[in-house]
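Peer 1:
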Amino acid sequence: MAKMSMIEAIRDAMDVKMTEDRDVLVFGEDVGYFGGVFRCTAGLQEKHGLHRCFDTPISEGGIVGIAIGMAANGLRPVAEIQFADYIYPAYDQIASEASRLRYRSNGDFTAPLTIRTPVGGGIYGGTTHSQSPEALFTHISGLKTVIPSNPYDAKGLLISAIEDNDPVLFLEPKRLYNGPFDGDHQKPSVGWKSHELGEVPEGHYTVPLAKARKITEGNELTILAYGTMVWVAEAVVKNMGISADVLDLRSLLPLDLDAIVESVKKTGRCVIIHEATRTSGFGGELSALVQEHCFYYLEAPIQRVTGWDTPYPHAQEWAFFPGQKRLTRAVKTVMKAA
């Protein structure tokens, strides 16, 4: 296996599919000659040509619009939105067109397209480069929403997304591009190439879109997390010395509800953590599902740890970011409850 960062794993996934299937194209703002703002597409234009990896104008609605047209006519486009903060101009194309094409055409047309975009904070990006809008898209029927937390999953999930016959929104936690991050910004950074999940198989492999990964296993508590928060949760469990299941959901829709229910029924306690704002965040949906399916097994109220209901602040980034201190308090609360 090769040692890769998440950037390299994402690039490798696109390279594998572009090599296997000439119907796969990659495009977006600065993805061609420049190789993307985070270099996720570096070298793809040189290898696969100007017609298969190309730059677009700064028009998110246009980027997704042409992707839908390509997909409806048999291609498999992979469109990049440079930051998730700028995906909103494309929301109508995603919600009203891509997600509903199969339904509206009675199966005559499908939209096998993938939309990649970086999400989350932790890099001092401020309010316009740090948002986590995943909940807005999980509300859309017909759209799949995926968030990897490590290079191994990123490559396998992205290949699965490209091969899927329906539209997939592929959200990439930018703080994890170069290494795992446990929320402590004062510690030296650690690269993926020293981590076991930085070992990425060469060539083609897939990770199923509807299957959670269990990061740690225990019987006292379940923590539901995705993206960067997976590593915050793992650090808290280790530092507190508790026996807990940390579930990396990986896919929000489709959701691995069976894994969630099995874990919470075993532990009787549940904490949910995500970086997005709290109100109407995906944690609210997770909490409702746990309550509906596990009510008689719960030993304590479900706890949520999230971002605040404010724009992402530049000067107070680490007050907004759901770090180890806030998660630790929530874990202590749920563990002490009768």
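In my numbering, the protein residues as written are 1019 to 1356. Backbone N, C-alpha and C define an ideal beta-carbon position, used for all residues, glycine too. The model shown is predicted, which means the values in this text are computed figures rather than measured ones.
1. Quickly, what does DSSP pair R1134 with across the bridge? List them, please.
2. Look at the alpha carbon of A1306 and the alpha carbon of L1267, and state the distance between them as a whole number of angstroms.
3. Is the region 1057-1072 touching the region 1198-1217, taking contact as three or more C-beta pairs under 8 Å?
4. Quick check on A1172: does DSSP put it in helix, strand or coil?
5. Considering only their Cβ atoms, is the gap separating C1312 from K979 smaller than 8 Å?
6. What does DSSP give as the partner residues of Q1321 in its beta bridges?
7. Quick check: what's the CA-CA separation for G1216 versus S1167?
8. Among the candidates I1165, S1212, I1099 and H1147, whose CA atom is the shortest distance from the CA of A1020?
9. On a CA-only basis, which of N1196, G1299, L1062 and N1257 is nearest Q1342? Give me that one, please.
10. Taking all protein chains shown into account, decide if D1276 is buried (16 or more other Cβ within 10 angstroms of its Cβ) or exposed.
11. What does the Cβ neighbour count give for S1298, buried or exposed, with the cut at 16 atoms within 10 Å?
12. With 16 other CB atoms within 10 Å as the buried threshold, where does G1067 fall?
13. DSSP on E1220, reduced to helix/strand/coil?
14. Just how far apart, CA to CA, sit K1162 and A1102?
15. For V1279, which residues of its own chain have a beta-carbon under 7 Å away from its beta-carbon, when the five flanking residues on both sides are left out?
16. Would you check if there are 3 or more beta carbon pairs closer than 8 Å linking the region 1019-1034 to the region 1217-1228?
17. For the alpha helix (DSSP H) containing G1080, list its first residue and its last residue.
18. Output needed for G1286: all residues of its chain with C-beta closer than 7 Å, excluding positions within five of it in sequence on either side, in chain order.
19. Figure out for me which residue from T1128, V1349, D1327 and A1348 has the closest Cα to the Cα of P1151.
20. Would the region 1102-1111 and the region 1120-1129 be scored as touching if the rule is three or more Cβ pairs under 8 Å?
21. Could you give the residue range of the beta strand (DSSP E) that holds C1071?
22. Expressed to the nearest angstrom, what Euclidean distance is found between the alpha-carbon atoms of L1176 and M1032?
23. Grab me the residues of T1132's own chain with a C-beta within less than 6 Å of its C-beta, minus the 5 sequence neighbours each way, in chain order.
24. Quick one: is F1414 buried, meaning 16 or more other Cβ sit within 10 Å of its Cβ, or exposed?
25. On the CB-based measure, 16 or more other CB atoms within 10 Å of its CB, does N1051 come out buried or exposed?
26. May I have the straight-line CA-CA distance separating T1145 from D1030, to the nearest angstrom?
27. Could you please give me the residues that DSSP links to T1163 through a beta bridge?
28. For R1346, which of helix, strand or coil comes out of DSSP?
29. Give the DSSP-derived three-state secondary structure of R1040 in the structure shown.
30. Spell out the partners DSSP gives I1241 in its beta bridges.
31. Following the continuous beta strand (DSSP E) through R1231, name the residue where it begins and the one where it ends.
Peer 2: On the basis of the supplied data:
1. E1098 and F1188, per the DSSP bridge assignment.
2. The C-alpha of L1267 is placed about 16 Å away from the C-alpha of A1306.
3. The region 1198-1217 and the region 1057-1072 do not touch, with fewer than three beta-carbon pairs separated by less than 8 Å.
4. A1172 falls in the helix class under three-state DSSP.
5. As shown, the chain starts at 1019 and ends at 1356. That puts residue 979 outside it, with no answer to give.
6. Under DSSP, Q1321 forms a beta bridge with V1289.
7. About 11 Å.
8. Sorting I1165, S1212, I1099 and H1147 by C-alpha distance to the C-alpha of A1020 places S1212 at the top.
9. Check the Cα spacing between Q1342 and each of N1196, G1299, L1062 and N1257: the tightest is with N1257.
10. In this structure D1276 is exposed. Its beta-carbon is surrounded by fewer than 16 other beta-carbon atoms within 10 angstroms.
11. Here S1298 is exposed. Its C-beta has fewer than 16 other C-beta atoms within 10 Å.
12. G1067 is exposed by the Cβ-count criterion.
13. In the three-state scheme derived from DSSP, where H, G and I count as helix and E and B as strand, E1220 is classed as coil.
14. Take the alpha-carbon of K1162 and the one of A1102: they are about 16 Å apart.
15. Excluding positions up to five away in sequence, the list reads H1311 and C1312.
16. Under the three-pair Cβ rule at 8 Å, the region 1019-1034 counts as touching the region 1217-1228.
17. In this chain, the alpha helix (DSSP H) harbouring G1080 covers E1078 to A1090.
18. Sequence-distant Cβ neighbours of G1286 in its own chain, meaning closer than 7 Å and more than five residues away, are Y1315, L1316 and E1317.
19. Each of T1128, V1349, D1327 and A1348 was checked against the Cα of P1151, and the nearest Cα belongs to D1327.
20. Short answer: they don't touch.
21. Counting along the chain, C1071 sits inside the beta strand (DSSP E) bounded by residues C1071 to D1073.
22. Cα to Cα, the separation comes out at about 8 Å.
23. Closer than 6 Å at the Cβ level, and outside the excluded window around T1132, lie V1096, A1179, I1180, V1186 and F1188.
24. Residue 1414 lies beyond the stretch modelled for the chain, which goes from 1019 to 1356, so this question has no answer here.
25. Reading off the sequence shown, one finds Tyr at residue 1051, where the question assumed Asn. With fewer than 16 other Cβ atoms within 10 Å, it is exposed.
26. T1145 and D1030 have their C-alpha atoms some 30 Å from each other.
27. T1163 is bridged to L1187 and L1271.
28. Note that residue 1346 is Thr in the sequence shown here, rather than Arg. Reduced to three states, the DSSP call for T1346 is helix.
29. Looking at R1040 - three-state DSSP - the assignment turns out to be coil, as it is neither helix nor strand.
30. Assignment of beta-bridge partners to I1241 by DSSP yields V1264 and V1289.
31. For R1231, the enclosing beta strand (DSSP E) has its first and last residue at R1231 to T1234.
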